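Chemist: Attaching a single structure in structure tokens format; questions to follow.
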Amino acid sequence: MKTYKARRKGLINYIIVGFMILPIILFILEDKDILEKFYNYIPILIPLGLIIWIYIDTSYKIENNQLIYRSGYLRGAININEITEILKDKTMWFGVKPALSGNGLVIKFNKYDDIYIAPKDNEEMITDLLNINSNIKITV
Numbered sequence: 145m146k147t148y149k150a151r152r153k154g155l156i157n158y159i160i161v162g163f164m165i166l167p168i169i170l171f172i173l174e175d176k177d178i179l180e181k182f183y184n185y186i187p188i189l190i191p192l193g194l195i196i197w198i199y200i201d202t203s204y205k206i207e208n209n210q211l212i213y214r215s216g217y218l219r220g221a222i223n224i225n226e227i228t229e230i231l232k233d234k235t236m237w238f239g240v241k242p243a244l245s246g247n248g249l250v251i252k253f254n255k256y257d258d259i260y261i262a263p264k265d266n267e268e269m270i271t272d273l274l275n276i277n278s279n280i281k282i283t284v
């Protein structure tokens with residue numbers, strides 16, 4: 145079993161910082177009592193919690209000839225022997241994307257399925273996948 149951390153670059157970092165700083169500033173500037181302030185910030189804290197959960201939970205794992213991905217509520221496994229092609233250093237703008245940044249890997253499997261992932265080291269993951277299934281076509 146080998147685990148790969150997700151690359152965490154770009155817009156996601158700014159979104160998290162903005163979601164954290166804005167409520168703190170507004171909390172300090174308001175003249176309401178603490179309990180009333182807390183109730184006002186529940187609608188902001190729920191999406192913040194979801195974004196932080198996705199940020200912390202995103203990872204990829206190779207185990208028992210399967211590529212297992214998880215990113216918040218997106219979880220699944222792909223049989224590595226069914227992978228036909230990997231598009232390297234690409235970004236997929238639609239579809240299933242358990243990733244936090246661009247320039248990752250678009251993995252094509254089965255006949256029409258694909259998924260976008262962004263491990264910290266694309267080369268390491270490609271090498272490990274090729275060790276299991278040498279028939280995978282790598283496209284740059």
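Residue numbers (the numbering used here): 145 to 284. Where is the CB? At the ideal position from N, CA and C, for every residue including glycine. Just so it is clear, the structure is predicted and the values come from calculations on it, not from any experiment.
(1) Beta strand (DSSP E) containing lysine 241: first to last residue?
(2) Please classify threonine 151: is it buried, with 16 or more other beta-carbons within 10 angstroms of its beta-carbon, or exposed?
(3) Under 8 angstroms by Cβ, that's how I've got tryptophan 197 and glycine 220 pegged, so tell me the actual separation to the nearest angstrom.
(4) Using alpha carbons as the reference points, say which of Leu218, Ser278, Leu273 lies closest to asparagine 208.
(5) Could you tell me the alpha carbon to alpha carbon distance between valine 161 and isoleucine 200, rounded to whole angstroms?
(6) Is the distance from the Cβ of isoleucine 227 to the Cβ of asparagine 266 below 8 angstroms?
(7) What residue range is occupied by the uninterrupted beta strand (DSSP E) comprising threonine 283?
(8) List the DSSP bridge partners of threonine 147.
(9) Thinking C-beta only, is proline 242 closer than 8 angstroms to leucine 218?
Modeler: Short version:
(1) Along the sequence shown, read from residue 1 onward, the residue named residue 241 stands at position 97. Lysine 241: not part of any beta strand (DSSP E); DSSP gives it neither H nor E.
(2) By 1-based counting over the sequence shown, the position of residue 151 is 7. Strictly speaking, residue 151 in this sequence is arginine, with threonine absent from that position. Buried: at least 16 other Cβ atoms inside 10 Å.
(3) Start at 1 with the first residue of the sequence shown, and residue 197 comes out as number 53. Start at 1 with the first residue of the sequence shown, and residue 220 comes out as number 76. For tryptophan 197 against glycine 220, the beta-carbon gap comes to about 17 angstroms, at or over 8 angstroms, which does not count as contact.
(4) Stepping through the sequence shown from its first residue, residue 208 is reached at position 64. Just measuring C-alpha positions, the residue of Leu218, Ser278, Leu273 sitting nearest asparagine 208 is Leu273.
(5) Counting from one through the sequence shown, the residue named residue 161 turns up at place 17. Counting from one through the sequence shown, the residue named residue 200 turns up at place 56. Between the alpha carbons of valine 161 and isoleucine 200 lies a gap of roughly 14 angstroms.
(6) Within the sequence shown, residue 227 is the residue found at index 83, counting from 1. Within the sequence shown, residue 266 is the residue found at index 122, counting from 1. Note that the C-beta distance between isoleucine 227 and asparagine 266 is not below 8 angstroms.
(7) Position 139 of the sequence shown, counted from the start, is the residue given in the question as residue 283. That run of the beta strand (DSSP E) goes 281-283.
(8) Mapped onto the sequence shown, residue 147 falls at position 3. According to DSSP, residue pairing for threonine 147 in a beta bridge involves Lys205.
(9) Locating residue 218 in the sequence shown gives position 74, where the first residue counts as 1. Locating residue 242 in the sequence shown gives position 98, where the first residue counts as 1. Yes, the pair counts as a contact, with Cβ atoms nearer than the cut-off.
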